[in-house]
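Here is the structure we will look at.
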Amino acid sequence: MGWLHNWSGLVFGWLFFLIFVTGSCGYLRHDITLWMTPELRGLADAAIPPGEAADKAASWLAANASGAEAWTISLPDEKSPALRVSWEGKSAGEQLLDPTTGRKLKTPPRETGGGDFLYRLHSDLHFVPAIVGRILVSLLGVLLLVILFSGLVAHRHILRNMFRLRRGRGWRTRLDLHNASGVLVLPFHLFVLLSGLVTVMLLLQPWGMVSVYGAGGLGAFSKEAFPQTAVAAPSHAIVPSTPMLSPLVETARTRWHVEQVGEIHVHQPGRAGMTVTVAHPIHGLLAMRKPAVTFDPVDGQVLASVDENLSPIALFHSQFFGLHVAHFAGPALRLLFFALGMVGAFMVASGLLLWTDKRWHGAKSVTTVDRLNAAVIAGLPLAIGAYFWANRLLPVSMEARAGAEADVMFAAWGAAFVVALLTPPRVAWTALFALGGAALLGAGLADIFGNPPVWKLDVLLIACGILLLSLGARVRIHGRGARIEASRTIAAPSQRPWRKRLAWSRRLRNSSTGAPRATR
Numbered sequence: 297m298g299w300l301h302n303w304s305g306l307v308f309g310w311l312f313f314l315i316f317v318t319g320s321c322g323y324l325r326h327d328i329t330l331w332m333t334p335e336l337r338g339l340a341d342a343a344i345p346p347g348e349a350a351d352k353a354a355s356w357l358a359a360n361a362s363g364a365e366a367w368t369i370s371l372p373d374e375k376s377p378a379l380r381v382s383w384e385g386k387s388a389g390e391q392l393l394d395p396t397t398g399r400k401l402k403t404p405p406r407e408t409g410g411g412d413f414l415y416r417l418h419s420d421l422h423f424v425p426a427i428v429g430r431i432l433v434s435l436l437g438v439l440l441l442v443i444l445f446s447g448l449v450a451h452r453h454i455l456r457n458m459f460r461l462r463r464g465r466g467w468r469t470r471l472d473l474h475n476a477s478g479v480l481v482l483p484f485h486l487f488v489l490l491s492g493l494v495t496v497m498l499l500l501q502p503w504g505m506v507s508v509y510g511a512g513g514l515g516a517f518s519k520e521a522f523p524q525t526a527v528a529a530p531s532h533a534i535v536p537s538t539p540m541l542s543p544l545v546e547t548a549r550t551r552w553h554v555e556q557v558g559e560i561h562v563h564q565p566g567r568a569g570m571t572v573t574v575a576h577p578i579h580g581l582l583a584m585r586k587p588a589v590t591f592d593p594v595d596g597q598v599l600a601s602v603d604e605n606l607s608p609i610a611l612f613h614s615q616f617f618g619l620h621v622a623h624f625a626g627p628a629l630r631l632l633f634f635a636l637g638m639v640g641a642f643m644v645a646s647g648l649l650l651w652t653d654k655r656w657h658g659a660k661s662v663t664t665v666d667r668l669n670a671a672v673i674a675g676l677p678l679a680i681g682a683y684f685w686a687n688r689l690l691p692v693s694m695e696a697r698a699g700a701e702a703d704v705m706f707a708a709w710g711a712a713f714v715v716a717l718l719t720p721p722r723v724a725w726t727a728l729f730a731l732g733g734a735a736l737l738g739a740g741l742a743d744i745f746g747n748p749p750v751w752k753l754d755v756l757l758i759a760c761g762i763l764l765l766s767l768g769a770r771v772r773i774h775g776r777g778a779r780i781e782a783s784r785t786i787a788a789p790s791q792r793p794w795r796k797r798l799a800w801s802r803r804l805r806n807s808s809t810g811a812p813r814a815t816r
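Per my numbering, the sequence shown runs over residues 297 to 816.
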């Protein structure tokens with residue numbers, strides 16, 4: 297078990313670290329997106345009733361997309377303070393509106409990947425096709441479960457030593473921290489891993505579905521597991537070109553006892569058979585499948601409703617998916633989930649460092665692993681800092697700007713690998729921690745003094761920057777002394793003087809036979 301824990305953790309630990317860090321950032325993806333679109337921050341102070349905002353969006357769509365087959369209206373919420381409208385048909389499009397005026401924004405927001413890029417990076421890996429990345433991440437999730445439980449088995453006294461911390465003892469201190477971060481936060485790790493695996497259960501284990509529905513039975517399975525409510529289209533001789541949405545929104549709010557509603561879908565706008573579907577807001581819900589109500593916009597009659605009457609498999613999948621993405625969590629709980637996710641990243645990082653600490657005898661292979669550890673553990677925060685700065689420094693009108701931000705991030709991370717492989721490990725650790733800390737600290741300070749701040753994220757950036765700078769200073773001051781001491785402590789008997797080897801073998805013999813230790 298110890299061998300499995302050590303070597304599987306080393307081989308896949310760098311990917312685990314990437315997934316933990318970017319997945320933790322996913323809990324704050326709406327705040328990151330707002331941080332990266334400063335043009336929208338002034339809209340956050342406008343408190344517009346949802347029905348009024350919906351009517352303004354419908355009026356704009358009736359004037360600019362009257363021939364579309366369907367409209368979608370996203371009201372302002374924590375995800376975006378702007379009024380977002382889109383339409384489908386022969387000509388499709390999307391537009392952001394000012395919720396106070398119902399017109400186009402005076403200053404269009406810059407194109408950016410925002411927090412969604414980091415969230416997708418943890419599940420799709422970005423640099424491979426999405427389906428390949430998802431399968432790889434799913435298999436890594438299964439492997440991480442094996443590593444967690446093998447670690448519990450390998451450390452026989454893990455519960456007894458769970459709260460022990462030997463300070464100033466080099467690799468033993470890191471071992472205590474590694475054990476504590478793995479065991480104390482184990483419920484959160486299991487909750488995230490298992491809920492994430494459930495979301496891709498058909499991707500990992502499709503054989504049950506195939507045996508019942510056949511090789512091409514995904515469509516039949518989806519219809520049975522996730523049924524769609526049939527809606528009978530109303531027949532009215534006269535249909536308004538601009539539907540009045542505010543009464544329908546108020547009816548939905550009263551039905552669900554909520555202050556806000558989710559997306560509004562208008563099918564066949566301005567034509568016979570027009571229907572309006574109002575969805576429940578996603579925040580505050582445990583399940584990913586949202587309740588919705590379909591109305592006849594002419595007389596306000598309820599045509600159909602999709603509530604919680606789901607099949608068991610649909611309800612199981614929807615609730616576990618909701619647990620994983622944590623739409624139900626408020627701002628404080630999201631911060632807590634972010635912190636717990638970063639504890640998982642620390643668990644992985646400390647495990648990678650322990651692997652090199654216990655084998656630090658000057659071997660070239662161990663030095664190479666230590667360099668790669670520096671490139672990943674200290675280089676990834678630098679890459680994320682570069683991603684934030686790219687959002688500020690790239691031209692606002694640049695084409696394919698979101699892709700360029702991602703390119704800057706990976707270029708910075710590639711530069712971190714070059715620095716780590718071409719410089720001594722101590723210099724690499726110090727430089728990368730210092731550069732990453734300066735990037736995050738500078739991004740937080742620049743946003744506070746340059747824009748209406750996103751306080752939660754700015755304070756978090758500043759705190760992370762200070763932490764990285766302190767780590768860089770600690771590595772620069774203490775260097776590798778703790779690791780050298782560790783190598784002396786655990787060195788093999790053949791590497792010790794003959795007197796110490798003799799004493800070591802005598803103690804081993806006495807401990808195995810139960811004989812009393814010789815005294816002088």
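All C-beta atoms in this analysis are idealised placements derived from N, C-alpha and C, irrespective of residue type, glycine included.
Check your understanding: Does the pairing of the region 489 to 505 with the region 428 to 436 give three or more beta-carbon distances under 8 Å?
Key -> yes
Point to revise | Per-residue DSSP class, three states only, for Arg-463 | key: coil
Review point. DSSP beta-bridge partners for Leu-392?
Key: Arg-380
Check your understanding: Would you report the Cα separation of Gly-309 and Ser-355, rounded to the nearest angstrom?
Key -> 53 Å
Exercise for review: Round the Cβ separation of Thr-547 and Gly-596 to the nearest angstrom and send it over; I've been treating them as touching at under 8 Å.
Suggested key: 7 Å
Review point. Does the distance from the CB of Ile-344 to the CB of Pro-395 come in under 8 Å?
Key: yes
Exercise for review: State the Cα-Cα distance for the pair Leu-834 and Gly-569, rounded to the nearest angstrom.
Suggested key: Outside the modelled stretch of the chain, which goes from 297 to 816, sits residue 834, for which no answer is possible.
Review point. Three or more C-beta pairs closer than 8 Å, one from the region 606 to 613 and one from the region 475 to 487: is that the case here?
Key: no
Check your understanding: Since Val-598 and Val-574 are thought to touch, with beta carbons under 8 Å apart, how far apart are those beta carbons, to the nearest angstrom?
Key -> Not quite, the Cβ-Cβ distance comes to about 10 Å (not below 8 Å), so this is no contact.
**Study point:** Residues of its chain near Leu-330, where Cβ-Cβ distance is below 6 Å and the 5 sequence neighbours each way are ignored
**Key:** Val-750
Point to revise | Close-in-space but distant-in-sequence residues of the same chain around Ala-727 (CB under 8 Å, 5 per side omitted) | key: Val-715, Thr-719 and Gly-768
Exercise for review: Have a look at Ala-635 and Gly-322 and give me their C-alpha separation to the nearest angstrom.
Suggested key: 12 Å
**Study point:** Assigned secondary structure, Ser-542 (DSSP; H/G/I helix, E/B strand, else coil)
**Key:** helix
**Study point:** Span of the alpha helix (DSSP H) around Ile-744
**Key:** 721 to 746
**Study point:** Contact set for Thr-785: own chain, Cβ-Cβ below 7 Å, skip 5 residues either direction
**Key:** Confidence at Thr-785 is low in this model, with a pLDDT of 42, below 50, so the placement of that residue should be treated as unreliable; the coordinate-derived value is given next. The answer is none, since no qualifying residue turns up.
Exercise for review: Taking Ile-609 as part of the beta strand (DSSP E), name the residues at either end of that continuous run.
Suggested key: Looking at the DSSP string, Ile-609 is not in any beta strand (DSSP E); the run it does join, the alpha helix (DSSP H), is 608 to 621.
Review point. Does at least one heavy atom of the ligand COA sit under 7 Å from the Cβ of Leu-439?
Key: Only the bare structure without any ligand can be found here, which leaves the ligand COA out of the picture.
Exercise for review: Sort Pro-577, Lys-752 and Trp-651 by Cα distance to Ala-628 and report the nearest one.
Suggested key: Lys-752
Practice item. Please work out which residues of its chain come closer than 8 Å, Cβ to Cβ, to Val-508, disregarding the five sequence neighbours upstream and downstream, and give them in chain order. Key: Phe-517
Exercise for review: Tell me whether Trp-299 is buried or exposed, calling it buried when 16 or more other Cβ atoms sit within 10 Å of its Cβ.
Suggested key: exposed
Check your understanding: Leu-311: which of Ile-762, Ala-671, Phe-729 and Asp-412 sits nearest, CA to CA?
Key -> Ala-671
Check your understanding: Relative to the alpha-carbon of Ala-747, which residue among Phe-313, Arg-337 and His-301 has its alpha-carbon at the smallest distance?
Key -> Here residue 747 turns out to be Asn, not Ala, going by the sequence shown. Comparing Cα-Cα distances from Asn-747 to each of Phe-313, Arg-337 and His-301, the minimum goes to Arg-337.
Check your understanding: With burial defined as no fewer than 16 other Cβ atoms inside 10 Å of the residue's Cβ, what is the status of Lys-660: buried or exposed?
Key -> exposed
Check your understanding: How is Leu-599 classed by DSSP in three states: helix, strand or coil?
Key -> strand
Practice item. Report yes if the CB atom of Ala-641 is closer than 8 Å to the CB atom of Ser-320, and no otherwise. Key: yes
Check your understanding: Does DSSP put Thr-397 in a helix, in a strand, or in coil?
Key -> coil
Check your understanding: Cα separation between Leu-717 and Leu-649?
Key -> 17 Å
Exercise for review: Report the three-state DSSP secondary structure of Trp-310 (helix, strand or coil).
Suggested key: helix
Review point. So, is Glu-407 buried or exposed, given that buried needs 16 or more other C-beta atoms within 10 angstroms?
Key: buried
Check your understanding: How many Å lie between Leu-393 and Glu-374 at the Cα?
Key -> 16 Å
Review point. Is Val-692 closer than 8 Å to Phe-729 when the C-beta atoms are compared?
Key: no
Review point. Can the beta-carbon of Ala-583 be found less than 8 Å from the beta-carbon of Gln-556?
Key: no
Check your understanding: Where does Ala-528 sit, in a helix, a strand or coil, going by DSSP?
Key -> coil
Review point. Is Trp-651 near Leu-676, with beta carbons less than 8 Å apart?
Key: no
Practice item. Under 8 Å by Cβ, that's how I've got Ile-369 and Ala-353 pegged, so tell me the actual separation to the nearest angstrom. Key: 4 Å
Review point. By DSSP, does Ala-366 sit in helix, in strand, or in coil?
Key: strand
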